[in-house]
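The sequence shown: position 368 = 368 (the UniProt record's numbering), numbered continuously.
Where is the CB? At the ideal position from N, CA and C, for every residue including glycine.
Take a look at the structure set out below.
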Amino acid sequence: GSFDEWSSSCGVQRVEGFQLTSQDGLDWSVMTENDLPAGLPILAVPAEMILSSSDARVELEGMSGGGVQTAVDKLSKMGAASSVPKFFLFLKMLVEYEKGTESPYFPWLDSLPRLYYNSVSMTDFCYECLPPLVFSLSRIERVKFESICKVLQEVDIISRESKQDKNLCQWAFNAIHTRCQGEIGGEQRIAPMADMFNHGTETEVEISFDDAGNCNVFTTRDVPAGSPLRVSYGCPTNPSIFFATYGFLDETSPATFCKIMNIQSTPELIDLGFDFSRMLFYKDSGDISQEVWDIVLYSKILAQTPDVKQQFYEAHMSGNIELKQAIHQAYMLETANFLKNHVDSFLTQLEELNAKGAGKDLIEHPRLPLIWSHNEFVKLTFLAVKANLDPMVDQAYQERMAA
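Following this line, the structure appears as structure tokens:
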């Protein structure tokens, strides 16, 4: 369509077989109609087309009588300095939106989704149906959006009407936050056409920017005709982040965070692997990552026995696997029982969260089905873990009784 034609006229180059595809006309992604060998350049987007936070800053501050700088200062004072680069792109989106068809970016803006399913778009009721980790991640996204809307009122290059249009601001915020490339707090870029790749745990392509600011996309492996072309949006073992930020359920994710939320981080726990992306329950096998066993034993079970706790930590740090295993074995019943109780109570909580949404108007809350799907994904993972844990607890109990 017009976005395709526009991108070609702006100098975007694509490999033969590169194809935009959609099942519903709303959600678009990229596939290949041809076999592609590994290491092949498949897409090049010239620097002049790319929206960057540094270019936006220069342009917007040049247009402004000081309001942009005031807004940026306020954002930093609110503790949101890392949001500043994305804030410049957010303003750039609004400036281009206000130009309408006069904007050189109009065909791209017109191709962007209108409806988003991420946390910033959710109703307050949707929040009530979220499990704790997704809820806390979603609150972070919501607070970012609210901070940006607050400081936007200082900006003198956007009309009052646009500044007070919450739907418009939400659309611009979501477009930026779901399409940006760059490290948090660093230079942010959006390359039209390169922003059409979906996420996958298994990826086929990688996006990079050269010194001149051009965007280049290469295949990372041999890709047969008819395959999707996907990039990684981040850690594949934390689907909750994708859900909160991007508003999609990554069903290719092999594992999910174990959802144990009531542990305060310490340097020792970080040494033991205290991290959302490492404390995992595996979806298909129901396996529990070693980090979960270690963290639960150390922080919960050994809390009352500081000598053994210290021994366990030192064994971990020195690589004394035999001593670690011996301590695990001695407390297997307590650790497995703690995890069983956690899994059982979390499954009950999921049932209650899903029951809450039953019978609600999906026109008013269009994101509820996605929340239910997310909760179901987590539930199936937890049921697989439960199938392993229950016999484990029984066995540990029998061994304790026989000792």
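As DSSP reads the structure, P41 sits in a beta bridge with F218. Non-local beta-carbon contacts of Y117 in its own chain, meaning distances under 8 Å to residues more than five positions away in sequence, involve G247, F248, P366, R367 and L370 in chain order.
From the listed residues E314, F281 and Y331, the smallest Cα separation to L383 is found for F281.
Just measuring C-alpha positions, the residue of E96, Q170 and V393 sitting nearest T123 is Q170. Along the segment 168-233, the beta strand (DSSP E) occurs as fully enclosed runs of 3 or more residues at 205-209 and 215-219, listed in sequence order. By the C-beta density criterion, P224 is exposed, having fewer than 16 other C-beta atoms within 10 angstroms. Setting aside the 5 residues that flank it on each side, V385 is surrounded in the same chain by F281, G286, I288 and V343, each with a C-beta closer than 7 Å to its C-beta; the list follows chain order. The C-alpha of S52 lies about 9 Å from the C-alpha of K92. DSSP places R400 within a helical segment (H, G or I) once states are collapsed to three.
The straight-line gap separating the alpha-carbon atoms of T252 and D284 is approximately 11 Å. By the neighbour-count definition (other C-beta atoms within 10 Å, threshold 16), A244 is a buried residue. Judged by DSSP secondary structure, T256 falls within the beta strand (DSSP E) whose first and last residues are A255 to F257. Minimum Cα-Cα distance from V84 among the listed residues R139, P41 and I148 corresponds to I148. Looking at the DSSP output, L280 bridges to F257. Pairing L20 with P104, the inter-Cα distance amounts to about 21 Å. According to DSSP, V30 shares a beta bridge with L20. Look at Q13 here: in three-state DSSP terms it is strand.
The beta carbons of A56 and L109 sit no closer together than 8 Å. DSSP, reduced to helix, strand and coil, places S159 outside both helices and strands of the structure shown, so it counts as coil. CA-CA distance, G200 to L60, rounds to 35 Å. L51 carries a strand assignment under DSSP once its states are collapsed to helix, strand and coil. Distance between L94 and V308, taken at the CA atoms: about 59 Å.
According to the DSSP assignment, N354 belongs to the alpha helix (DSSP H) that extends over M332 to G357. In the DSSP assignment, the residues bridged to I288 are F281. In this structure, the beta-carbon distance from N167 to V120 does not fall below 8 Å.
Considered as a whole, the segment 76-113 harbours 84-99 and 106-111 as its complete alpha helix (DSSP H) runs of no fewer than 4 residues, in chain order. Look at L383 here: in three-state DSSP terms it is helix. In the structure shown, the three-state DSSP call for L36 is strand. A Cβ-Cβ distance of about 15 Å is found for the pair G182 and A81, leaving them out of contact under the 8 Å criterion. With contacts defined as CB atoms closer than 8 Å, E154 and G67 qualify as a contacting pair.
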